[in-house]
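As structure tokens, the structure follows; a few thoughts come after it.
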Amino acid sequence: SFRNTSAYHVHMRIHTEEKPYPCSVCGKSFRHRANVIVHERIHTGEKPYVCVECGKSFGDASSLRKHRRSHTGERPYHCGVCGKSFSQNAGLVQHEKIHTGEKPYQCPECPKSFRDKSAYVAHQRTHTKETPYRCMVCG
Numbered sequence: 001s002f003r004n005t006s007a008y009h010v011h012m013r014i015h016t017e018e019k020p021y022p023c024s025v026c027g028k029s030f031r032h033r034a035n036v037i038v039h040e041r042i043h044t045g046e047k048p049y050v051c052v053e054c055g056k057s058f059g060d061a062s063s064l065r066k067h068r069r070s071h072t073g074e075r076p077y078h079c080g081v082c083g084k085s086f087s088q089n090a091g092l093v094q095h096e097k098i099h100t101g102e103k104p105y106q107c108p109e110c111p112k113s114f115r116d117k118s119a120y121v122a123h124q125r126t127h128t129k130e131t132p133y134r135c136m137v138c139g
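Read in order, the letters of the sequence shown are residues 1 to 139 in full-length UniProt numbering.
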């Protein structure tokens, strides 16, 4: 239930998939006005949230909060199996695949599969022979 009709209508956008707030630059649409404001900072480069410890700036408050953990050492996400802790939920999700054995990235060229996308992408280069990293000294 909802406190008022406005909150109800905003909630209903989840079900109707209505996204009435388009980005003025790329046209991507959002359910909430606040989300399009944050998104448009990608195009403008505006980063109004500044870390008081190191001066690094961010486009949204959530990214600054995550960054602050690098200074505080806070690791609020804990593995229920082994107890290892992480500063970000994404790290925990990735780690949990070790315990489940999940390897969702299957190579279409060979039988290998991978837990994380970056390892999968690096592996793909063994098939394509792509060498995107060059030595800055000798080429």
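Cβ atoms here follow ideal geometry from the backbone N, Cα and C, with glycine treated the same way.
Secondary structure of residue i, DSSP reduced to three states
i           : result
residue 50  : strand
residue 1   : coil
residue 87  : coil
residue 133 : coil
Nearest to residue i (by Cα), restricted to the options the options
i           : options               : result
residue 96  : 109, 82 and 107       : 82
residue 130 : 115, 138, 121 and 136 : 121
residue 107 : 91, 115 and 124       : 124
residue 80  : 63, 100, 13 and 117   : 100
Local Cβ density within 10 Å of residue i, reported as buried at 16 or more and exposed below that
i          : result
residue 39 : buried
CB contact below 9 angstroms: residue i versus chain D
i          : result
residue 22 : Going by chain labels, chain D is absent from the structure shown, which holds only one protein chain.
Next on the checklist: Just to confirm the assignment: which complete alpha helix (DSSP H) runs, minimum length 4, are found wholly within the UniProt domain "C2H2-type" (21–48)?
Outcome noted: 33–44
Checklist entry - Hey, is the segment 45–54 in contact with the segment 23–34, meaning 3+ C-beta pairs nearer than 8 angstroms? => result no
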